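When you line the sequence shown up against this note's numbering, it's residues 114 to 494, in that order. Positions of the beta carbon are idealized from the N, C-alpha and C atoms, including for glycine. Source: prediction; values computed, not measured. Notes for the one structure printed next.
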Amino acid sequence: MDLDWNNEERDLYDGVVTFCKESLQHDVGALDANSEFPKEAWQSCADFGVLGWRVPAELGGKDYPASLVAFLMEAFGYGCEDNGLAFALGTQLWGVQTALLQFGNEEQLEKYVPGMLRGELIGAHAMNEDSSGSDAFAIETTAVADGDDFLLNGEKTLVTFAPNADFAIVFAKTAPDAGQWGISTFLVDADTPGYTASEPDEMMGLRTAPYGRVLLEDCRVPSSSMLGKTGAGASIFGFIQSWERSLVLAPHVGAMQRLLEQSLAFARERKRGGAPIGKHQAIAHRIADMKLRLETARLLLYDTVRKQQDGAADMMGSALSKIYLSECLTQTALDAVAIHGGDGYLTEAGIERNLRDAIGATIYSGTTDVQRNIIARLLGL
Ligand SMILES: Cc1cc2nc3c(=O)[nH]c(=O)nc-3n(C[C@H](O)[C@H](O)[C@H](O)COP(=O)(O)OP(=O)(O)OC[C@H]3O[C@@H](n4cnc5c(N)ncnc54)[C@H](O)[C@@H]3O)c2cc1C
């Protein structure tokens with residue numbers, strides 16, 4: 114596979130790394146400790162143009178191909194130690210903008226996309242419920258037609274940005290007896306009467322992104338707020354997932370590179386028994402494995418992304434990427450802690466945070482177990 118980026122693309126990559134290092138100065142450790150969202154950093158990212166990378170030029174974006182956006186998000190994961198911020202940006206690029214750009218009509222695009230680019234509007238992708246999770250289409254939220262409106266009732270859980278989103282893409286049953294074909298999708302503004310966002314829920318990792326619940330109680334929305342056609346919710350969800358599963362993990366490749374370089378520097382500098390610890394085979398082999406995971410994860414990611422952007426929904430590739438990138442980052446973060454010894458375990462050093470952050474990716478957008486089910490099914494089992 115050709116991974117030769119041209120000079121212009123490499124310059125863009127370097128520009129993102131420089132932006133992260135020079136303009137994102139927030140104290141990630143302190144925000145992580147308090148589960149706090151870095152609002153100013155978010156605005157800096159919007160001003161830098163991150164939220165417009167995949168948006169068409171007529172809506173004010175750059176219209177970059179998905180593979181280039183993945184490459185730039187890899188740069189972000191490398192340059193920025195805030196994995197939660199990288200994840201939060203990914204939810205907008207892939208979880209929210211994918212749906213809007215593919216299924217939104219002109220009015221919906223005009224209403225939401227330019228505001229997202231400017232950093233003024235944040236969207237949430239609200240599918241998950243207590244009743245569903247891995248059984249995604251077992252949602253219980255309903256949307257009942259009432260004149261020219263729909264009345265939404267239900268509760269969405271574990272939703273990224275729920276506490277501070279300006280609008281949510283809500284999946285609800287318009288025909289409860291029709292199974293997955295009875296689900297429709299709505300764009301619901303957070304200030305709509307009957308829409309209540311919870312306080313933030315605490316998570317183990319990725320703590321600089323906010324999470325919570327959205328309660329819908331007789332929440333009245335006009336039928337013009339429907340995204341796509343009636344009953345298209347499962348298709349819309351599937352489409353988003355096929356993109357999100359591989360692409361939201363692109364910053365993982367950069368994070369693995371960052372952890373490799375940090376570990377390598379530490380292994381050269383730290384001396385024990387009169388020699389750098391890197392001279393001990395146990396450490397050297399861990400670092401060799403970090404390099405192996407980095408290179409193979411990168412190949413799998415871009416192979417999947419390029420197949421998808423050429424038009425074929427690569428269900429196999431996105432399931433493989435989802436498992437492989439999340440498990441590679443988890444193991445790499447675990448190795449980085451081991452290589453750094455007690456320092457790796459110290460919260461202040463920021464190494465252990467990567468391990469907590471990595472585990473999130475084995476769960477969101479469909480757990481690794483569910484991805485293995487998909488792979489087995491596609492293999493005919
Ligand atoms: C950081 C984070 C961000 C998230 N953001 C969002 C968001 O923005 N929007 C949203 O809608 N949701 C979001 N979620 C929710 C996420 O999609 C669900 O947590 C996930 O799909 C798993 O569902 P569950 O938590 O109900 O686990 P469950 O489905 O209850 O699974 C529990 C365990 O059982 C296993 N399991 C379940 N069914 C099977 C099966 N058929 N075969 C094998 N094993 C199985 C699972 O792998 C898991 O180990 C987020 C979650 C996290 C952690």
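A straight line joining the alpha-carbon of G351 with that of E220 spans about 24 Å. Selection L137, L340, W294 evaluated against H238 yields L340 as nearest (Cα-Cα). Inclusion of N486 in the 6 Å shell around ligand 1 follows from its C-beta lying nearer than that to a non-hydrogen atom of the ligand. Taking C-beta atoms as the reference points, A179 and V361 fail to come closer than 7 Å. Take the alpha-carbon of N266 and the one of D279: they are about 19 Å apart. In this model, V301 and N277 are separated by some 13 Å (Cα to Cα).
Note that the segment 176-194 touches the segment 115-132; at least 3 beta-carbon pairs, one per stretch, sit closer than 8 Å. D331 and D243 have their C-alpha atoms some 19 Å from each other. DSSP, read as helix, strand or coil, puts M229 in helix. Just so you know, the alpha carbons of D140 and W166 end up roughly 26 Å apart. Short of 6 Å from the beta carbon of A201, and not among the five residues preceding or following it, lie these beta carbons of its own chain, in chain order: A322.
In the three-state scheme derived from DSSP, where H, G and I count as helix and E and B as strand, A159 is classed as helix. Here DSSP, grouped into helix, strand and coil, assigns D402 to helix.
With 16 or more other CB atoms across the displayed protein chains lying within 10 angstroms of its CB, G430 is buried. Leaving aside the five residues that flank F216 on each side, the residues in its chain whose CB is nearer than 6 Å to its CB run, in chain order, L340, G341, I349. A Cβ-Cβ contact shorter than 7 Å links D448 with M403. Annotation for T480 indicates a beta carbon within 6 Å of some heavy atom of ligand 1. Every unbroken stretch of the alpha helix (DSSP H) spanning 4 or more residues and falling wholly within the segment 327-390 is given here in chain order: 346-360, 363-382. T254 has its CB no nearer than 6 Å to any heavy atom of ligand 1.
Counting C-beta atoms within 10 angstroms of its own C-beta, W356 has 16 or more neighbours from the protein chains shown and is therefore classed as buried. The beta carbons of L459 and M369 sit no closer together than 7 Å. For the 7 Å CB-CB criterion, Q156 and G232 form a contact. If you draw a straight line from the Cα of E253 to the Cα of T475, it is about 25 Å long. Listed as beta-bridge partners of F263 by DSSP are A258, V334.
Here the alpha carbons of G190 and L407 stand approximately 13 Å from one another. Of all alpha-carbon atoms in K152, I296, L230, the one lying nearest the alpha-carbon of L172 is that of L230. When secondary structure is reduced to three states using DSSP, K269 falls in the strand class. Annotated three-state conformation of H393 is coil, per DSSP. Its chain contains A199, L202, G203, L206, L360, A363, P364, G367 as the residues whose beta carbon lies nearer than 8 Å to that of M186, once the 5 sequence neighbours on both sides are disregarded; these appear in chain order.
Linking V483 to N147 through their CA atoms gives a straight-line distance of about 31 Å. At least 7 Å separates the beta-carbon of P169 from that of D160. In the structure shown, V129 falls within a helical segment according to DSSP collapsed to helix, strand and coil.
The beta carbon of I487 sits closer than 6 Å to those of A432, all from its chain and outside the five residues before and after it, given in chain order.
Straight-line spacing of the CA atoms in G307 and D262 works out to 14 Å.
The beta carbon of H238 sits closer than 6 Å to at least one heavy atom of ligand 1.
Just so you know, the alpha carbons of L373 and T445 end up roughly 8 Å apart.
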